[in-house]
Each structure stands twice: as structure tokens, then as C-alpha cells.
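Some notes on the structure that comes next.
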Amino acid sequence: MDYTTSKIKINNSVFFLIAIIAALFALAFISRTISKPLTELEELASKLAEGELPEHSDVKSSDEIGKMAKALNALTNGLMKTSEFASEIGRSNFDSKFEPLSNKDVLGNSLLEMRKSLQSANEEENKRKIEDQERNWTTEGLARFGEILRRHTENIGLLSKDIIQNLVKYLNANQGGIFILNDADPDDVHLELMSAYAYNRENL
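Here you go:
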């Protein structure tokens, strides 16, 4: 009787020990296949929530955890591209290519709209600058040549010389000349070269 009882106790102890070992192996397996990947994905999601762009997850499996890792990696990639696109817009590089994650990508589509608005504003600003430059150029030219006309009201030769020199320089031209209609002799009406200027020197 004592032998049988002892044998049962031994068998129970062995069975209990095996059960404990099996449970430890099961816990180790769960930790390796579930807990550890979940912890890694939780850290990745926390970094994303704080605005950080973490490294990609190395979790690779075909279960729900693997799908979650794939989705978080795709989100990280999308945010990286969005961040780069925003930086390009900040540098006024409006030709930078960008594709939103989908038609539901609120941030990506908002950036595209912002680029469109900034590009339009930049074009308007450039157009305004050109118009201002042209207006200033015209105003300055009128003032300059008005002053020349006032200086030479009685000498057409000096007037022609001064006008052509300033006109060639003002237009950034290589050369120019001023002709007047000479009709003193009705039988010999012709154009007469009064003054010429070329390559920074007077030719007449």
C-alpha cells in the first residue's frame, strides 16, 4: 500500500514537473511570437503619436500582428514622404513630386492644396515684381530723356548725340543712330544721320 502511494506521488510529481516545463515553454513561445512583437509595435505607434518617424518594424508574420506591422510601416513611409514634400514646399520647390497615400489622405491632400495656393501666390508676386520693374524702368527713362531734352533745346546736334548715347546704354543695345528728315531742298529730300553710337563710342 505504501509502495503504491509512493509511486502515485512520484508520478504526480513528475506529471506536475512536466506540466510546469510545458507551461514555461508555452510562455516563452507566446512571449517570442506575441508579446515581444506587440511591445515593439506599441513602441513604434507611440513614437508616431509623438510626431517621430521611427525605423521600420522587423516583425514579419502572416497573422494580425504582421498585418499591423505592415500597416505601421506603410504609415511611416507615407509620413516620411509627406515630411520631405513639406520641406520642399518650404524651400519654394513647387515642382517636387508627391502622391498622397489615398484620396482620403487628409494631410497629403491638404499639402497639395497648400502647394497650389503658394505657387499661385508666388507667380502673382513674380508678376508684380516684373510689372514694378517695367514701370520703374519707364518712369526713370522718361525722367532721364526729359532732362536731356531740357538741356539741349537750341542745339539739335548735341541733342541727337546725347539722346543716342543714353538710349543705346539704357536699352543695353550694341549700337544706334538718329536720323532726321532733311527737306531743305525740295529736290533732295532725304534722311540725314545726325548721330551714331556703337560699342561705347560715338561714331560721328
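The sequence shown begins at 80 in the working numbering and counts up by one. For every residue, glycine included, the Cβ atom is placed at its ideal position computed from N, Cα and C.
DSSP places residue 261 inside the beta strand (DSSP E), whose first and last residues are 254-261. Residue pairing from DSSP leaves residue 278 without any beta-bridge partner. In this structure, residue 151 places its C-beta atom within 7 Å of the C-beta atom of residue 123. Contact between residue 243 and residue 275 is confirmed by a C-beta separation of about 7 Å, below the 8 Å threshold. When secondary structure is reduced to three states using DSSP, residue 250 falls in the coil class, being assigned neither helix nor strand. Beta-bridge analysis with DSSP links residue 269 to 261. For residue 220, the three-state secondary structure derived from DSSP is helix.
DSSP places residue 120 in the helix class (H, G or I) of the three-state scheme. Under the 8 Å Cβ criterion, the stretch 156-166 counts as touching the stretch 177-197, having at least three qualifying pairs. 7 Å or more divides the Cβ of residue 246 from the Cβ of residue 256. DSSP, reduced to helix, strand and coil, places residue 170 outside both helices and strands of the structure shown, so it counts as coil. Look at residue 142 here: in three-state DSSP terms it is coil, with no helix or strand label. Proximity to residue 175 across 181, 200 and 195 peaks at 195, based on C-alpha coordinates. For the options 135, 198 and 221, the alpha carbon positioned closest to that of residue 167 is the one of 198. Of the candidates 250, 148 and 126, 250 places its Cα closest to the Cα of residue 213. The three-state secondary structure of residue 239, taken from DSSP, is helix. By a beta-carbon distance limit of 8 Å, residue 127 contacts residue 154. Their separation comes to about 7 Å.
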